[in-house]
Structure formats: C-alpha cells, structure tokens
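A.B. asks:
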Ligand code: URA
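Numbering (my numbering), first residue to last: 131 to 395.
(1) For ligand 1, list every residue whose C-beta falls under 5 Å from any of its heavy atoms, going in chain order.
(2) Should residue 375 and residue 217 be called a contact, given that it needs their Cβ atoms to be closer than 7 Å?
(3) Kindly identify the DSSP beta-bridge partner or partners of residue 362.
(4) Inspect the beta-carbon positions of residue 294 and residue 341 and report whether they are closer than 7 Å.
(5) Determine the DSSP secondary structure at residue 256, reduced to helix, strand or coil.
(6) How is residue 301 classed by DSSP in three states: helix, strand or coil?
(7) Quick one: residues in its chain with C-beta nearer than 6 Å to the C-beta of residue 252, no 5 flanking neighbours on either side, listed in chain order?
(8) Is it buried or exposed for residue 151, if we count other Cβ within 10 angstroms and need 16 for buried?
(9) Taking C-beta to C-beta, are residue 186 and residue 202 nearer than 7 Å?
(10) Please specify which runs of the beta strand (DSSP E), each continuous and at least 3 residues long, are wholly inside the segment 155-218, giving them in chain order.
(11) Under 8 Å by Cβ, that's how I've got residue 266 and residue 220 pegged, so tell me the actual separation to the nearest angstrom.
(12) Quick one, are the C-beta atoms of residue 335 and residue 321 less than 7 Å apart?
(13) Under 6 Å Cβ to Cβ from residue 198, same chain only, skipping five residues before and after it: list those, please.
(14) So for residue 339, helix, strand or coil by DSSP?
(15) Measure the Cβ-Cβ separation of residue 296 and residue 333 and say whether it is below 7 Å.
(16) Skipping 5 residues on each side, what residues in its chain have a beta carbon closer than 8 Å to that of residue 236?
(17) Check this for me: beta carbons of residue 175 and residue 191, under 7 Å apart or not?
(18) In this structure, does DSSP put residue 312 in helix, strand or coil?
(19) Check whether the Cβ atoms of residue 379 and residue 370 sit closer than 7 Å, and answer yes or no.
(20) Residue 247 by DSSP, collapsed to three states: which one?
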C-alpha cells in the first residue's frame with residue numbers, strides 16, 4: 131500500500147526542526163485524543179482558543195511536551211496518547227483518499243456517516259489503501275504509530291486477500307506466486323498462495339505495494355475480476371459490508387500485534 135502523504139506544512143515543520151519524527155505537536159495531539167478532528171483543531175489553534183501551560187498557542191505544529199497542560203476554550207483537555215482502531219468492511223466504489231477527484235465518494239465520507247457521536251472528535255487515518263473496486267477489511271485509527279506498525283513491511287503483518295480470477299488457478303501458478311514474482315519495479319517477497327476453487331485464489335502478503343495483488347496475479351497470467359481483503363494479522367473480518375466496529379484493546383494487541391498507547395501511560 132502507498133504511504134499516506136504527509137501534509138506540506140508538516141514536512142516543512144519537520145525540516146525546520148520544530149517537530150521530530152517521534153515528538154508530538156499540538157494539533158495532532160488534539161485530534162488523536164478525540165478533542166477535535168484535524169482541521170477543526172488547526173482552526174481552533176489559529177483562532178487562539180487553545181493554550182498550553184497557560185499561554186495561548188497559535189502554531190499548529192507547536193511541539194508538545196509530555197504532561198503539558200492543554201486548554202480549549204478555557205477547559206482543560208486530556209491529550210495523552212490513546213489508540214483506537216475501527217474495522218470497516220469497505221464496499222466497492224469508495225476511494226481511500228481524502229480527496230474525491232471523480233466525485234464518487236470516499237471512505238472518509240462513509241466513515242463520518244457511520245461514526246457514533248462519541249468517536250466524532252477524533253482525527254481518523256486510513257490504515258493502508260484498497261482500490262476503489264476492492265472490498266473488505268480497512269482499518270481506521272487515530273494513532274499514526276499504529277498506521278506505521280500495520281503498513282511497514284518490516285512488521286510483516288500478514289494481509290490476506292481473496293481474488294476471483296479469469297483463468298484457472300493451476301498448481302504451477304500457485305507455486306510462482308509463492309516464490310515471489312518479478313514486477314516492473316520490484317520482486318514480490320514470497321507469499322502464501324492457496325486455491326479456494328478453480329477461479330478463486332487466496333494470497334497472503336506481508337508487503338503492500340500499489341495494486342500489488344492484481345499485479346502479482348497479472349504476472350502469472352491471471353486477470354483479477356473481484357478482490358476482497360478478508361484478514362489482517364489474526365483478525366478475520368466479522369462485520370457486515372458497509373459497517374464498522376471498534377476493536378477492543380485486547381484484540382488490537384493479540385490479533386494485530388500492537389500495544390494500544392493508553393495501556394502504558
Ligand atoms: N492489491 C491490489 O491490487 N489492490 C488492492 O486493493 C489491495 C491490494
């Protein structure tokens with residue numbers, strides 16, 4: 131999957147040295163903590179409604195020390211790191227992009243329509259990407275470290291896809307998929323591949339390059355007709371299409387191998 135692009139202002143701030151890779155900053159802390167979503171947090175800061183340790187903060191990327199006292203409109207707010215993870219069953223037709231270039235609807239619009247009131251204050255990030263016509267498991271989270279954990283090939287978190295293909299899934303093709311196939315820009319690392327039926331194949335990858343499954347299948351002569359992501363880590367999607375549910379802390383840790391940040395504070 132392609133990494134979510136960082137906004138220009140954040141890259142610039144990092145270059146200026148204001149924000150370290152691991153350090154926290156004001157607008158991110160507010161949206162991660164569920165106080166205000168990203169854009170509203172930025173607006174509130176620019177409007178002078180946020181103070182840090184008693185002083186009005188007007189810089190969106192102002193570095194934030196652990197234990198700083200943050201107030202919004204005069205009320206103290208808790209900005210200590212939390213991790214929330216939502217499992218969404220993506221239907222076909224929605225793009226995993228903040229911008230909707232073709233006016234066909236984004237997963238974020240759908241997310242906001244489905245979110246219960248108590249989760250609306252968070253800034254939600256999509257964890258990886260699925261193509262517009264792919265269905266299945268897509269996580270959203272408020273925690274950028276969880277995004278890194280789940281999408282970094284180094285973590286080796288398995289993602290299982292099931293594809294319906296035009297040709298027959300032969301043993302020879304399965305073997306090639308297992309060994310890794312040569313694509314234009316890279317060679318895929320060995321993957322698990324199993325036949326589910328004559329025209330259905332399950333592929334489990336620990337990396338996620340752009341259109342990787344379709345490209346791997348294409349490289350062995352199989353055109354993808356349908357693609358569905360059914361599992362990530364040890365979690366197999368269990369919510370009906372076009373619905374979501376919040377994962378428990380225990381599930382995030384046991385099934386996805388990530389320790390929610392609020393458990394250690
Ligand atoms: N690989 C693809 O080709 N498409 C997806 O949506 C996900 C993985």
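Glycine included, C-beta positions come from ideal geometry on N, C-alpha and C.
C.D. replies: Inspection of the coordinates gives the following:
(1) Cβ atoms closer than 5 Å to ligand 1 belong to 260, 261, 264, 341, 342, 343 and 344.
(2) yes
(3) 289 and 365
(4) no
(5) strand
(6) Annotated three-state conformation of residue 301 is helix, per DSSP.
(7) 164 and 272
(8) Model confidence at residue 151 stands at a pLDDT of 47, short of 50, so the residue's coordinates are unreliable and nothing is read from them.
(9) no
(10) 180-182, 200-202 and 205-207
(11) 6 Å
(12) yes
(13) 182 and 183
(14) DSSP places residue 339 in coil when its eight states are reduced to three.
(15) no
(16) Hits under 8 Å: 224, 225, 226, 227, 228, 229 and 230.
(17) No. Outside cutoff.
(18) Strand, per DSSP.
(19) no
(20) helix
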